[in-house]
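Asker: Mapped onto our numbering, the consecutive letters of the sequence shown carry residue numbers 1417 to 1869.
Could you have a look at this structure, given as structure tokens, before my questions?
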Amino acid sequence: MGRPTTPRPPAVPDDLTAADLMSVLPSTADVENGHLWIGGVDMVKLAREQGTALYVMDEASIRQQLRDYVKWTRFHWADVDVVYAGKAFMSLAMLKIVAEEDCCLDVSSGGELAFARRADFPMERIYVHGNNKTDLELAECLDAGVGRIVVDSFEEMERLSAMAEARGTQQRILIRVTPGIEADTHDFIMTGAEDSKFGFGMNEGLAMRAVKRALELPGLDLAGLHMHIGSQIFALQSFTKAIEVIVHFMDAIRDATGWVVRELDTGGGLGIAYGLPDEPSTIKDYGKVIVDGIKEHAETHGLPVPKMAVEPGRSIVANAGVTLYTVGSIKEIPNIRTYVAVDGGMSDNIRTSLYDAHYEALIANKADQPRTMVATIAGKHCESGDIVVTDAPLQDVEVGDIVCVCATGAYCQSMSSNYNKQVRPAVVMVNDGEARVIVRRETYDDLMKCELG
Ligand SMILES: Cc1ncc(COP(=O)(O)O)c(C=O)c1O
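See the structure below:
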């Protein structure tokens, strides 16, 4: 998800080597013998052993991001949940890491909840999202004993209340509100503006009505509010503004009902570096803006400081991941462009077609060489728009080279498809010189496993 927020100059050969691309690569990236290494593992050898296309995730980078979020939010206020947004990248191995790092988990479907259950993720640490949760999904949540359900509509609230009452339980809920903030990001991933399919708008009194109804209904334990203003956000002022609005609303709720918000979840959205010009905010600065911002505004309004939650997805996994491909053909169209075709594409990374996303790329087996040409990395699918990187500076490319596309750890594998009956790539987790297949490559039999003939 997300467009680059920094304007990009026209692509020209930039003579950069992998050593200049460290800001978009996993923190353990290195160059040895002309090859790119991640997590102490040679990417070229790995690609040749495992086959391509291949997703690679660096465990140390993931753990570091989770730890930074815990550290730099709890530094300002002890009671903050760091809730990993599982939609960014979910696998059983990933969920084990999230649980070990003392974090919570955001799930947005019955399928994601099923993963959490299979991974034995502590259910009280689950936050459930979704703008149209089905009865079956709500029942699964209640049966599993999830910690919090973030309610998104009046219909859902009524249904959940009836279901919880019938079970004799009180389900803890948050109400999702849209603070009317236009975050500095792509329209498709901007979710906190008034005109949004998510949550209850504050204008016209919808959010206030939702709070009042939740307080009346049996079976619901209203704990607080949730907002998520968008994704791939660079400007921290967008969060500052949204916090001001939502804490003001908390004050209005107390005035209107006497009830005081106990929990405030500000969603995810911190941007990451996809390209070299990108300079995202640090987790340290983000933690200060969010946590101190809430504290300050709560104090100004004479409200108790609530328990807080943040829900990062992209900023946990995006830069921890790369995708490796093998070059199959090179087409030079004189005076127009050169297409380098790889053995994957929009089935393993839809973001370029969907959001015109930009990535940095390099040739993993020529990592110490300068990027002396510009080529468009195209996929193998039956769509002209099946492009992985448009006009990428690259090392002198040949058939058989291993292309590494950087910062693909978020919203690539999780948004992948079987278009053209392409099998999904394996996911390999690397750490301390070891490579572990955590999701195996699909087979043709997998493609047909739901076929009834
Ligand atoms: C409710 C909610 N929380 C958290 C996230 C994670 O956002 P990001 O990956 O930008 O951190 C999303 C992403 O769409 C979301 O919808």
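Note that beta-carbon positions come from the ideal geometry of N, C-alpha and C, so glycine has one too.
Report yes if the C-beta of E1528 is less than 7 Å from at least one heavy atom of ligand 1; otherwise report no.
Answerer: Taking the first residue of the sequence shown as 1, we reach residue 1528 at position 112. For ligand 1, not one heavy atom lies less than 7 Å from the Cβ of E1528.
Asker: Note down, one range per segment and in chain order, each beta strand (DSSP E) of at least 3 residues found wholly within the region 1662-1686.
Answerer: If we require 3 residues or more, the beta strand (DSSP E) runs fully inside the region 1662-1686 come out as 1679-1681.
Asker: Per DSSP, C1820 forms a beta bridge with which residues?
Answerer: Here residue 1820 is taken as the residue at index 404 of the sequence shown, counted from 1. DSSP, once it has assigned bridges, lists L1740 and L1778 as partnering C1820.
Asker: Rounded C-beta distance between Y1500 and I1732? I'm assuming under 8 Å.
Answerer: As a working mapping, residue 1500 is identified with position 84 in the sequence shown. As a working mapping, residue 1732 is identified with position 316 in the sequence shown. Yes, they are in contact, since the Cβ atoms of Y1500 and I1732 sit about 6 Å apart, within 8 Å.
Asker: Within 10 Å of its beta-carbon, does Q1829 have 16 or more other beta-carbons around it, so buried, or fewer, so exposed?
Answerer: Within the sequence shown, numbered from 1, the residue matching residue 1829 stands at position 413. Buried.
Asker: For ligand 1, is there any heavy atom lying closer than 7 Å to the beta carbon of D1522?
Answerer: Counting from 1 along the sequence shown, the entry for residue 1522 is found at position 106. D1522 Cβ: within cutoff of ligand 1.
Asker: By how many angstroms is the C-alpha of D1681 removed from the C-alpha of A1582?
Answerer: Counting from 1 along the sequence shown, the entry for residue 1582 is found at position 166. Counting from 1 along the sequence shown, the entry for residue 1681 is found at position 265. Using only the alpha carbons, I get a separation of about 28 Å.
Asker: Have a look at L1719, A1530 and M1831 and flag the residue whose alpha-carbon is nearest the alpha-carbon of A1555.
Answerer: Your numbering for residue 1555 matches position 139 in the sequence shown. Of L1719, A1530 and M1831, the residue nearest in Cα terms is A1530.
Asker: Is any heavy atom in ligand 1 found nearer than 7 Å to the beta carbon of K1397?
Answerer: Since the first residue shown for the chain is 1417 and the last is 1869, residue 1397 is missing from the structure and cannot be characterised.
Asker: For F1616, collect the residues of the same chain with a Cβ closer than 6 Å to its Cβ; drop the 5 residues on either side in sequence, then sort them by chain order.
Answerer: Residue 1616 sits at position 200 when you count from the first residue of the sequence shown. Hits under 6 Å: V1593, L1622, A1623 and A1626.
Asker: In this structure, does DSSP put W1453 in helix, strand or coil?
Answerer: The residue you call residue 1453 lines up with position 37 of the sequence shown. Correct three-state label for W1453: strand.
Asker: Give the secondary structure of R1419 by DSSP, where H, G and I count as helix, E and B as strand, and everything else as coil.
Answerer: Taking the sequence shown and counting its residues from 1, the one referred to as residue 1419 is at position 3. Residue confidence for R1419 is low, a pLDDT of 45 falling below 50, so the modelled location carries little weight; the figure read from the coordinates is stated next. Coil.
Asker: Using beta-carbon positions only, say whether C1820 and A1780 come within less than 8 Å of one another.
Answerer: Position 404 of the sequence shown holds residue 1820. Position 364 of the sequence shown holds residue 1780. In contact: C1820 and A1780 (Cβ atoms closer than 8 Å).
Asker: Can you tell which of S1833, I1766 and A1783 has its C-alpha closest to the C-alpha of T1895?
Answerer: Because the chain in this structure spans residues 1417 to 1869, residue 1895 falls outside the shown range and cannot be described.
Asker: Is it buried or exposed for A1532, if we count other Cβ within 10 angstroms and need 16 for buried?
Answerer: Along the sequence shown, one-based indexing puts residue 1532 at 116. Its Cβ being crowded by 16 or more others within 10 Å, A1532 is buried.
Asker: Quick check on DSSP: helix, strand or coil for F1604?
Answerer: The sequence position of residue 1604 within the sequence shown is 188, counting from 1. For F1604, the predicted model reports a pLDDT of 49, less than 50, meaning its position is unreliable and no value from the coordinates is stated.
Asker: Would you mind working out which of E1620, D1807, N1834 and E1660 sits nearest Y1755, comparing C-alpha positions?
Answerer: The sequence position of residue 1755 within the sequence shown is 339, counting from 1. Residue D1807 is the option with its Cα nearest to Y1755.
Asker: So for M1864, helix, strand or coil by DSSP?
Answerer: By one-based count along the sequence shown, residue 1864 stands at place 448. It is coil, neither helix nor strand.
Asker: Taking the alpha carbon of M1573 as the reference point, which residue from R1857, D1637 and A1560 has its own alpha carbon closest?
Answerer: Here residue 1573 is taken as the residue at index 157 of the sequence shown, counted from 1. It is D1637.
Asker: Consider the C-beta atom of Q1648 and the heavy atoms of ligand 1; say whether any pair is separated by less than 7 Å.
Answerer: Position 232 of the sequence shown, counting from 1, holds the residue named residue 1648. Yes.
Asker: Answer yes or no: the CB of A1826 versus the heavy atoms of ligand 1, is any distance below 7 Å?
Answerer: For the purposes of this step, residue 1826 is identified with residue 410 of the sequence shown, where counting begins at 1. Yes; taking the cut-off as 7 Å, the Cβ of A1826 has a heavy atom of ligand 1 nearer than that.
Asker: Between the C-alpha atoms of V1844 and N1619, what's the straight-line distance to the nearest angstrom?
Answerer: Along the sequence shown, one-based indexing puts residue 1844 at 428. Along the sequence shown, one-based indexing puts residue 1619 at 203. Going by the C-alpha atoms only, they are around 47 Å apart.
Asker: Quick check: what's the CA-CA separation for H1797 versus I1752?
Answerer: The residue labelled residue 1797 in the question sits at position 381 within the sequence shown. The residue labelled residue 1752 in the question sits at position 336 within the sequence shown. About 21 Å.
Asker: Tell me the start and end of each unbroken beta strand (DSSP E) in the region 1515-1584 that is at least 3 residues and wholly inside, in chain order.
Answerer: Listed in chain order, the complete beta strand (DSSP E) runs (minimum 3 residues) inside the region 1515-1584 are 1520-1523, 1542-1544 and 1564-1567.
Asker: Is DSSP giving D1637 helix, strand or coil here?
Answerer: What you label residue 1637 is simply residue 221 of the sequence shown in a count that begins at 1. It is a strand residue.
Asker: So what does DSSP say about L1810, is it helix, strand or coil?
Answerer: On the sequence shown, residue 1810 is found 394 positions in, with the first residue counted as 1. Three-state result, L1810: strand.
Asker: Does the beta-carbon of K1487 have 16 or more other beta-carbons within 10 angstroms, so that it is buried, or is it exposed?
Answerer: Counted from its first residue, the sequence shown places residue 1487 at position 71. With fewer than 16 Cβ atoms within 10 Å of its Cβ, K1487 is classed as exposed.
Asker: To the nearest angstrom, how far is the alpha carbon of D1522 from that of L1590?
Answerer: Numbered from 1 along the sequence shown, position 106 holds the residue referred to as residue 1522. Numbered from 1 along the sequence shown, position 174 holds the residue referred to as residue 1590. Cα to Cα, D1522 sits roughly 13 Å from L1590.
Asker: If you draw a straight line from the C-alpha of E1712 to the C-alpha of K1704, how long is it?
Answerer: For the purposes of this step, residue 1712 is taken as residue 296 along the sequence shown, with counting starting at 1. For the purposes of this step, residue 1704 is taken as residue 288 along the sequence shown, with counting starting at 1. The straight-line gap from Cα to Cα measures roughly 11 Å.
Asker: Closer than 8 Å is the cut-off here; do at least three beta carbon pairs connect the region 1448-1463 with the region 1472-1488?
Answerer: Segments in contact, yes.
Asker: Can P1841 and Q1811 be called in contact, C-beta distance under 8 Å?
Answerer: Counting from one through the sequence shown, the residue named residue 1841 turns up at place 425. Counting from one through the sequence shown, the residue named residue 1811 turns up at place 395. No, the Cβ-Cβ distance between P1841 and Q1811 is not below 8 Å.
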